[in-house]
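Here the structure comes first, spelled out in structure tokens, and everything after it is commentary.
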Amino acid sequence: MRADRFTGRVAVVTGAASGLGRATAQGLSREGARVLLFDRNAEGLAVTLRACPGAVAVQGDVTSAADQARLASEARRMGPVTLLATSAGTIGSTVPLTELAEEDWDRLFDINVKGTWLTLRAILPLLREAGGGAVVTFASAAGLTGSPALPAYSASKAAVVMMTRSLARVHAGEAIRLNCVCPGSIDTPMLEETFASATSPEARLQREAEFRARHPLGRFGEAGEVAASVLFLLSDDAAFTTGVALPVDGGRLA
Ligand SMILES: NC(=O)c1ccc[n+]([C@@H]2O[C@H](COP(=O)([O-])OP(=O)(O)OC[C@H]3O[C@@H](n4cnc5c(N)ncnc54)[C@H](O)[C@@H]3O)[C@@H](O)[C@H]2O)c1
171 MRADRFTGRV AVVTGAASGL GRATAQGLSR EGARVLLFDR NAEGLAVTLR
221 ACPGAVAVQG DVTSAADQAR LASEARRMGP VTLLATSAGT IGSTVPLTEL
271 AEEDWDRLFD INVKGTWLTL RAILPLLREA GGGAVVTFAS AAGLTGSPAL
321 PAYSASKAAV VMMTRSLARV HAGEAIRLNC VCPGSIDTPM LEETFASATS
371 PEARLQREAE FRARHPLGRF GEAGEVAASV LFLLSDDAAF TTGVALPVDG
421 GRLA
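According to my numbering, the sequence shown is numbered sequentially starting from 171.
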């Protein structure tokens, strides 16, 4: 991987305390960016902070407009912000849609859809002030195709895809590019949570086998493999790419 694509740039990363957000923050830091880490999980944030020299951490909830305002003012203090990655998200409940509790539906959409919107609302003005920049939102392969196992999650990620693509058209004239990544099953705590919610050890093994079989490459992805695509989309290597929903999914959608 190149070592200098983000030298001197300031990047905001939500969901930075774990999984894909942490891998993205580490990649940006390795390539020279100063990273503002945002997450509700203080312990995880501290681990990421140690791995990203010069980074700053803000603990908060993406569903809170007040926390997002704190994030924006901290970001403004760090200097012109030109990069944003919105990885905070949740898998939600894995029960069938007909049994899903209303509060679980609301929580899922609050974090995945409203949380992404609130982050964009807070940080896009900073990119505009800086004269342009790049954003990567985190959708899912399940946001591009129906997911029998996770219909509500699938719907929430489809919303992220279309919000991103719409905003790509809105902000193109301001030199702000917006793209999203659509990962398949990636080996992170979220994937483990999906398997751990199985009703028995046998059901867990079956779910794991089903999820793995969806990927023609025959394995789950690694967080660094998604981060590599996020960094590409954030970098000038993708200067003529905006409004795409990029599957990073081991061929699941092929
Ligand atoms: N891992 C996968 O297989 C996979 C596949 C497709 C899409 N994704 C998406 O990628 C993103 C990252 O997933 P991951 O696998 O790294 O998950 P993860 O659970 O490892 O990390 C998610 C992070 O988001 C944070 N977060 C959750 N709700 C929050 C809130 N309300 N406010 C602030 N922070 C909050 C968590 O604390 C956590 O640190 C998510 O949006 C997820 O939906 C993951």
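The C-beta atom is built at its ideal place from N, Cα and C for all residues, glycine as well.
Only a predicted model underlies this, so the values are computations on that prediction, with no experimental measurement involved.
- By the CB criterion at 8 Å, Leu-288 and Thr-233 fall inside the cutoff.
- Rounded to whole angstroms, the separation of the alpha carbons of Asp-280 and Arg-220 is 29 Å.
- Taken through DSSP and simplified to helix, strand or coil, Ala-368 comes out as coil.
- Annotation: the continuous beta strand (DSSP E) that includes Phe-208 extends over 204 to 209.
- In this structure Asp-209 is buried. Its beta-carbon is surrounded by 16 or more other beta-carbon atoms within 10 angstroms.
- Residues of the same chain with a CB within less than 7 Å of the CB of Val-205, apart from the 5 flanking positions on each side, are Ala-181, Val-183, Ala-195, Leu-198, Ser-199, Cys-222 and Ala-225 in chain order.
- Here the residues close to ligand 1, judged by CB distance below 6 Å to any of its heavy atoms, are Gly-185, Ala-187, Ser-188, Gly-189, Leu-190, Gly-191, Asp-209, Arg-210, Asn-211, Gly-214, Asp-231, Val-232, Thr-233, Ser-257, Ala-258, Gly-259, Thr-260, Ile-281, Gly-285, Phe-308, Ser-310, Pro-353, Ser-355, Ile-356, Thr-358, Pro-359, Met-360 and Leu-361 in chain order.
- Just measuring C-alpha positions, the residue of Ala-328, Leu-404 and Glu-363 sitting nearest Phe-176 is Leu-404.
- With three or more CB-CB distances shorter than 8 Å, the region 338 to 353 counts as touching the region 292 to 303.
- Secondary structure of Ile-261 (DSSP, three-state): coil.
- The continuous beta strand (DSSP E) containing Pro-417 extends over residues 415 to 418.
- Counting along the chain, the unbroken beta strand (DSSP E) around Phe-308 starts and ends at 303 to 308.
- Listed in chain order, the alpha helix (DSSP H) runs fully inside the region 332 to 390 are 359 to 366 and 371 to 383, counting runs of at least 4 residues.
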